[in-house]
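Novice: Below is a structure I'd like to ask you about.
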Amino acid sequence: MGRSLQVRIAEQLAKLPRGSQAARVLEVVQTNPQFASYASARDMAQRAGVNASTVTRAARQMGFGGWPDLQLEVRSQYLSALSAPELLDRHSTEMTETPARAALHQDADHLSRMAHTLDPDEIKALAAAVMAAPRTLVAASGSFAAPAMVLSYVGTAMGFDLRLETQAGTERATQLMGLPPGGCLVIFNFWRTPRELITMAQAASRRDLTVCLVTDRRTSRLAQAADVVVAIPSESTSIFPTLTPAVAVSQAVLAELAAGRPEQAARAISDIETLWGEMDLMAPSTVVSGPGQ
Numbered sequence: 028m029g030r031s032l033q034v035r036i037a038e039q040l041a042k043l044p045r046g047s048q049a050a051r052v053l054e055v056v057q058t059n060p061q062f063a064s065y066a067s068a069r070d071m072a073q074r075a076g077v078n079a080s081t082v083t084r085a086a087r088q089m090g091f092g093g094w095p096d097l098q099l100e101v102r103s104q105y106l107s108a109l110s111a112p113e114l115l116d117r118h119s120t121e122m123t124e125t126p127a128r129a130a131l132h133q134d135a136d137h138l139s140r141m142a143h144t145l146d147p148d149e150i151k152a153l154a155a156a157v158m159a160a161p162r163t164l165v166a167a168s169g170s171f172a173a174p175a176m177v178l179s180y181v182g183t184a185m186g187f188d189l190r191l192e193t194q195a196g197t198e199r200a201t202q203l204m205g206l207p208p209g210g211c212l213v214i215f216n217f218w219r220t221p222r223e224l225i226t227m228a229q230a231a232s233r234r235d236l237t238v239c240l241v242t243d244r245r246t247s248r249l250a251q252a253a254d255v256v257v258a259i260p261s262e263s264t265s266i267f268p269t270l271t272p273a274v275a276v277s278q279a280v281l282a283e284l285a286a287g288r289p290e291q292a293a294r295a296i297s298d299i300e301t302l303w304g305e306m307d308l309m310a311p312s313t314v315v316s317g318p319g320q
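Under this note's numbering, the first residue of the sequence shown carries the number 28, and numbering increases by one thereafter.
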């Protein structure tokens with residue numbers, strides 16, 4: 028679903044008259060991705076010598092919803108080219124408040140932007156793929172397994188057949204081969220991409236499995252193999268990507284699953300709570316007063 032952003036920009040520039048306003052915007056992105064990664068539409072317009080509406084139109088001509096969507100892609104590609112120490116150095120020099128407060132403000136900003144710019148149809152498409160599949164494999168590596176576990180665990184509790192896969196090599200291949208016809212593969216991946224996830228997605232696509240991707244880049248080799256791509260921000264204020272937006276996506280997909288199969292979800296949750304009682308798993312929710320209390 029996506030070619031390299033630089034390739035797409037070059038192709039678009041070849042179609043535009045040289046020196047045109049839209050071309051000047053894309054040339055700024057092409058030649059100064061670091062600036063474009065953090066510039067507002069107004070800043071981009073000033074640098075390119077155009078107005079802000081031209082920046083928006085240039086982004087839409089590239090297939091994005093507007094400048095914020097294109098900027099997210101530019102920033103994600105720029106950050107993916109930095110090493111972990113380079114990321115830490117960049118963020119530490121920009122810090123103007125305590126690390127904890129900066130992290131919370133960054134995540135709050137991400138969620139606020141997602142609430143206004145994320146296409147709900149993409150979330151619905153991912154949920155629809157899970158509902159249509161006899162089984163879904165949810166794959167992720169390292170800390171990115173956190174939002175994957177939220178989706179697979181709660182989705183299973185609602186009666187869907189979701190399997191979490193966080194291993195590598197032959198184990199991952201075995202789990203992929205276990206998906207029946209019509210199955211679904213959901214991948215969570217941000218910042219840098221393990222080569223194995225690319226080949227896994229490509230293998231799933233060749234087997235006519237539905238491939239869904241939650242990522243921070245629409246234009247990547249991994250995105251090329253996906254049928255559904257949900258692109259979200261992952262930039263944090265520290266050395267590692269933030270997973271707060273990814274967890275929010277998992278929660279949104281789960282909400283769609285519950286709304287799509289309400290009776291199934293309610294029945295499955297009820298059965299689980301009954302089993303919890305039989306196994307005496309949960310402590311009492313009320314405090315029992317002792318003598319003299």
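In this text, a Cβ means the ideal position worked out from N, Cα and C, and glycines have one as well.
How would you write the range of the alpha helix (DSSP H) that I150 sits in, first residue to last?
Specialist: Counting along the chain, the alpha helix (DSSP H) containing I150 begins and ends at 147-159.
Novice: Is it right to say E100 is buried, meaning 16 or more other beta carbons lie within 10 angstroms of its own, or is it exposed?
Specialist: Answer is buried; the Cβ neighbour count reaches 16.
Novice: Determine the direct distance from the alpha carbon of V238 to that of L203, and round the result to whole angstroms.
Specialist: Cα-Cα distance, rounded: 11 Å.
Novice: Just curious, the alpha helix (DSSP H) that L138 is in, first and last residue?
Specialist: Start and end: 126-144.
Novice: Name, in chain order, the residues that DSSP records as bridge partners for R238.
Specialist: Correcting the residue identity first, residue 238 is Val in this sequence and not Arg. Beta-bridge pairing links V238 to L212.
Novice: Going by DSSP in three states, V255 sits in which element: helix, strand or coil?
Specialist: Reduced to three states, the DSSP call for V255 is strand.
Novice: Please classify R190: does DSSP put it in a helix, a strand, or coil?
Specialist: Here R190 sits in strand by DSSP.
Novice: Can you give me the C-alpha to C-alpha distance between G29 and M309, rounded to a whole angstrom?
Specialist: Any reading at G29 is ruled out, since the residue's pLDDT is 46, under 50, leaving its predicted position unreliable.
Novice: Flag this pair as yes or no: are the beta carbons of V274 and V177 separated by less than 8 Å?
Specialist: Contact flag set, yes.
Novice: Whose C-beta lies closer than 6 Å to the C-beta of V181 among residues of the same chain, with five residues either side of it excluded?
Specialist: Within the same chain, V181 has close Cβ partners L281.
Novice: Short of 6 Å in beta carbon distance, which residues of its chain neighbour A194, apart from the five on each side in sequence? Order them along the chain.
Specialist: The sequence as given places Gln at residue 194; Ala does not occur at that position. So the list is empty, once near-sequence residues are dropped.
Novice: Over the uninterrupted alpha helix (DSSP H) stretch that includes V165, give me the two end residues.
Specialist: Segment 163-166 is the beta strand (DSSP E) holding V165; no alpha helix (DSSP H) there.
Novice: Need the endpoints of the alpha helix (DSSP H) that W218 sits in, please.
Specialist: Per DSSP, W218 belongs to no alpha helix (DSSP H) and is neither H nor E.
Novice: Apart from the five residues on each side of it in sequence, which residues of its chain come closer than 6 Å, Cβ to Cβ, to L32?
Specialist: Excluding sequence neighbours, L32 sits near E100, Q104, T246.
Novice: So, for I249: in the same chain, excluding its five sequence neighbours on each side, which residues have a beta-carbon less than 8 Å away from its beta-carbon?
Specialist: Reading off the sequence shown, one finds Leu at residue 249, where the question assumed Ile. So the list reads I214, N216, T220, L224, I225, A228, L240, T242, once near-sequence residues are dropped.
Novice: As an exercise, report each continuous alpha helix (DSSP H) stretch of at least 4 residues that is fully enclosed by the stretch 66-100, in chain order.
Specialist: The stretch 66-100 contains these whole alpha helix (DSSP H) runs: 68-75, 79-88.
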